[in-house]
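Each residue of the sequence shown is one higher than the last, beginning at 339 in the working numbering.
The beta carbon of each residue, even a glycine, is placed where N, CA and C say it ideally should be.
Notes to accompany the following structure.
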Amino acid sequence: MTPNSDSSRAHLPAAARRNPLASRWWREWCFLKVVYAHVRVRLVIVAGVLLVGAWLFMVLEPERPHTFAQAVHCTWCLIFGEPPEEFPQHVVLQGLFFLLPVLGLTVIIEAIVDLAFTLRDRRRSERSWCAMMANSLSNHVVLVGLGKLGYRTYGLLRRLNEPVVVVEKNADCQFVEEVRRDQAPLFIADARRDAVLADVNIAKAKSIILATDDDLANLEVALDARRINPGIRVVLRMFDQNMADKIRDGFNIYTAMSQSAISAPAFATAALDRAIVNSFMVNDALIVMQRWIVREHGPLCGKTVGAIMTDYGFGVLERHAAGGEMQVIPPPNATLQPNDRLVVQGAYAALATLRRQSIDVAAETAGA
């Protein structure tokens, strides 16, 4: 009823603009920024201790003219319990000799342990890392819901080289690990929370796809996204087509689709002809994608692709010439030859007319 997903993906065009999520170095840079965010407070503390200690050495030991670099080095050595000089006479420096190794090592060791855990287990910092990546994006797509529909949509968007940020409420979803392995920004959270929409950088997203199986949740997130980003394109999944039509018109949602409305044409036309690959509705017109073999005396034999569009009102999506290579969207001046295998697409009425003409020609040829 639907084309094979692997074969259809093979011919998807790559997006012209570069997708930053495809760059491993960019992702690693975002992760390093998260690591820095974890340890920056401790780094500031260590830097402050070094500066204060250096100032104390320079001020309280005038008989030993330390340069700034020497004073910092003295403080650094003292942090690790290695006195850089003889025990000082000034009471403040004496206290520094006792306290600084304990305090300094505590801060440094804690920072090293936290850094090691963060580098070893990225999952602990996944939300921060993903938020950093998402907030570095603009003109991206936010996908809410990682069920079967959501995951197939995600795969197609990545094939099109589009940056995608994913939100899934269920941590046990079967496709979560696939997205993690792809290292795309992933949030295990409820998209109805404003904090989550801020994390996915909805303000700079170009579109949001709501593919959960909860109609009310989809609508709520759509309205929240539109409130934050009035120009965002909303693609909304709904199970009730009547409600989908009302929402599309009443809330100015660009696309509101119910699964039954999408599936019904495919089910119906699949029962009519095994050559039909797929079908869908455009407004009230039934559009069909169908396989076709060019017969020697058939109505398409000897015609160009452009002439077929003009004469019959449907297009040729794929041509596999007899003994030749396959062409996706063949040029308008390509002439069809006997035994060419095609995939054509157009209104069902136009293809039904072509089928009747082909039967009539075959009957005349047989009678002759």
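| Asked | Found |
| --- | --- |
| Helix, strand or coil, according to DSSP, for F395 in the structure here? | helix |
| Around the C-beta of L567, are 16 or more other C-beta atoms found within 10 angstroms, so that it is buried, or is it exposed? | According to the sequence as given, residue 567 is Asn; it is not Leu. Label assigned to N567: buried. |
| Going by other Cβ atoms of all chains shown within 10 Å of its Cβ, with 16 needed for buried, is V573 buried or exposed? | buried |
| From the DSSP output, read off the bridge partner residues of S545. | V479, R571 |
| Comparing alpha-carbon positions, which option in A602, A449, E420, V615 lies nearest L437? | E420 |
| So, is A352 buried or exposed, given that buried needs 16 or more other C-beta atoms within 10 angstroms? | Since pLDDT at A352 reaches only 40, below the 50 mark, its modelled position is unreliable, and no value is offered. |
| Between the C-alpha atoms of A701 and L692, what's the straight-line distance to the nearest angstrom? | 14 Å |
| Between the Cα of H635 and the Cα atoms of T703, P603, T642, which residue gives the shortest distance? | T703 |
| Would you decide whether G391 is buried or exposed? Buried here means 16 or more other CB atoms lie within 10 Å of its CB. | buried |
| Tell me the residue span of the beta strand (DSSP E) that contains F525. | 524 to 526 |
| Starting from N556, trace the alpha helix (DSSP H) both ways and give me its first and last residue. | 553 to 566 |
| So G653 is in the beta strand (DSSP E); what residue range does that whole segment cover? | 652 to 658 |
| Is F474 helix, strand or coil when you go by DSSP? | Per the sequence shown, residue 474 should be read as Ser rather than Phe. Looking at S474 - three-state DSSP - the assignment turns out to be coil, as it is neither helix nor strand. |
| Given this structure, state the Cα-to-Cα distance separating S474 from W467, to the nearest angstrom. | 11 Å |
| Between which two residues does the alpha helix (DSSP H) holding G488 run? | 486 to 497 |
| Only counting the same chain, and skipping five residues up and downstream in sequence, which positions put a Cβ closer than 6 Å to that of W630? | L680, V682 |
| Could you check the C-alpha separation between F652 and Y686 for me, to the nearest Å? | 9 Å |
| Would you mind sorting Q512 into buried or exposed? The rule is 16 or more other CB atoms within 10 Å of its CB. | exposed |
| DSSP three-state label for F406, please. | helix |
| Spatial neighbours of K542 within its chain, please: C-beta separation below 8 Å, excluding the five flanking residues on both sides. | L475, S476, N477, H478, N567 |
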